[in-house]
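The sequence shown: position 8 = 206 (my numbering), numbered continuously.
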Amino acid sequence: MTYEQIIAHRIAEIAAFADEYPGAVIILSGDASRVLYMSARGLRDLGGITLEELTAMGADYHTRYFNPDEAHEYVPQVVSLLERNDLNYAVTLFQQVRTGPRLDFAWHMTTARLLAQDAAGRPLLVICFSTPIDPKSHITAKVQRLLDENTFLREKSATFASLTAREREVLGSLALGHSSQEIAAAFNISSQTADTHRRNIRQKLSAANSFDLGQYARAFNLI
Numbered sequence: 199m200t201y202e203q204i205i206a207h208r209i210a211e212i213a214a215f216a217d218e219y220p221g222a223v224i225i226l227s228g229d230a231s232r233v234l235y236m237s238a239r240g241l242r243d244l245g246g247i248t249l250e251e252l253t254a255m256g257a258d259y260h261t262r263y264f265n266p267d268e269a270h271e272y273v274p275q276v277v278s279l280l281e282r283n284d285l286n287y288a289v290t291l292f293q294q295v296r297t298g299p300r301l302d303f304a305w306h307m308t309t310a311r312l313l314a315q316d317a318a319g320r321p322l323l324v325i326c327f328s329t330p331i332d333p334k335s336h337i338t339a340k341v342q343r344l345l346d347e348n349t350f351l352r353e354k355s356a357t358f359a360s361l362t363a364r365e366r367e368v369l370g371s372l373a374l375g376h377s378s379q380e381i382a383a384a385f386n387i388s389s390q391t392a393d394t395h396r397r398n399i400r401q402k403l404s405a406a407n408s409f410d411l412g413q414y415a416r417a418f419n420l421i
């Protein structure tokens, strides 16, 4: 069979029972750039678009329906999936997808793996299973918190790098509410030196209060 026939055959196999699942079934091209098939539930979730309209979008599908600010979170996972090129390996992603009549963002959990390889052993098809997450679920809040922390890490890494090794140690103590006297005793330094570290840390991080210090300490695993 030609690759076109193989693709059509595999899609037909999946489509025969895809609508029995509680989530959306999506089949992507081997480079994961284009949608080749989506189950009826998925098409309804995307505002009632037709499969023909969706496949005609090509790579624009990603920019239209997914939050570009989160691409740095899930794109590396997809790249890893393709590079690993293992039919038994899967990745799970949390994504905001535009759904409903107004195409508002809603959280989805998507699991993806390779569905088929070509004669040279390269990825030919990628299959995904996507389910919406109840906005009242505790999972939604946890995912948002993780994304916020990753954004903070990315934006503040250069600022954090300006701290010396000792200042990072002191920052961890400050975030735990330790006084200058306690810090001095813990690191065998004078209280004046501890005060100097405290002042320098606040200046370098532009930290206005203890919350700001704690945010840095938690994001960079100091506490």
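Ideal Cβ positions, reconstructed from N, Cα and C, are used throughout, including at glycine.
Given the structure is predicted, the values throughout are model-derived calculations rather than measurements.
query = If we count the other Cβ atoms within 10 Å of its Cβ and call it buried at 16 or more, is S328 buried or exposed?
reply = Counting from one through the sequence shown, the residue named residue 328 turns up at place 130. S328 comes out buried.
request  = From the DSSP output, in three-state form, read off L369 for me.
outcome  = Working through the sequence shown from its first residue, we reach residue 369 at position 171. Helix, per DSSP.
request  = Give the single residue among P220, E353 and E202 whose Cα lies nearest to the Cα of M307.
outcome  = Position 109 of the sequence shown, counted from the first residue, corresponds to residue 307. Answer by Cα proximity: P220.
task = Label I421 either buried or exposed according to how many other C-beta atoms from any shown protein chain fall within 10 Å of its C-beta, with 16 as the threshold for buried.
result = On the sequence shown, position 223 is the one that residue 421 refers to. Exposed, by the Cβ-count rule.
ask   = Candidates S237, R400, N407 and I325: which alpha carbon is nearest V289's?
value = As a first step, residue 289 is located in the sequence shown; it is residue number 91 there, counting from the start. It is I325.
task = Go through its chain and collect everything with a Cβ distance to N283's Cβ below 8 angstroms, but skip five positions before and after it.
result = Within the sequence shown, the letter at position 85 stands for residue 283. Only L312, Q315, G319, R320 and P321 meet the Cβ criterion.
message = Suppose the cutoff is 7 angstroms on Cβ atoms and the five residues either side in sequence are ignored; what does the same chain contact list for N265 look like?
response = Locating residue 265 in the sequence shown gives position 67, counting from the first residue. The residues are Q294 and F303.
request  = Can you check DSSP and say which residues form a bridge with S328?
outcome  = Residue mapping note: residue 328 aligns to position 130 of the sequence shown, counting from 1. Per the DSSP secondary-structure output, S328 pairs in a beta bridge with A222 and T308.
request  = Determine the DSSP secondary structure at Y235, reduced to helix, strand or coil.
outcome  = Position 37 of the sequence shown, counted from the first residue, corresponds to residue 235. Here Y235 sits in strand by DSSP.
query = Where does R300 fall in DSSP's three states?
reply = Translated into positions along the sequence shown, residue 300 becomes position 102. R300 falls in the coil class under three-state DSSP.
task = Write down the C-beta distance between L252 and L241 rounded to the nearest angstrom, noting that I regard them as a contact closer than 8 angstroms.
result = Locating residue 252 in the sequence shown gives position 54, counting from the first residue. Locating residue 241 in the sequence shown gives position 43, counting from the first residue. Sure, about 7 angstroms apart at Cβ, within 8 angstroms.
key: Rounded straight-line distance, which links the Cα of G246 to that of Y235   = Looking up residue 235 in the sequence shown gives position 37. Looking up residue 246 in the sequence shown gives position 48. Using only the alpha carbons, I get a separation of about 14 angstroms.
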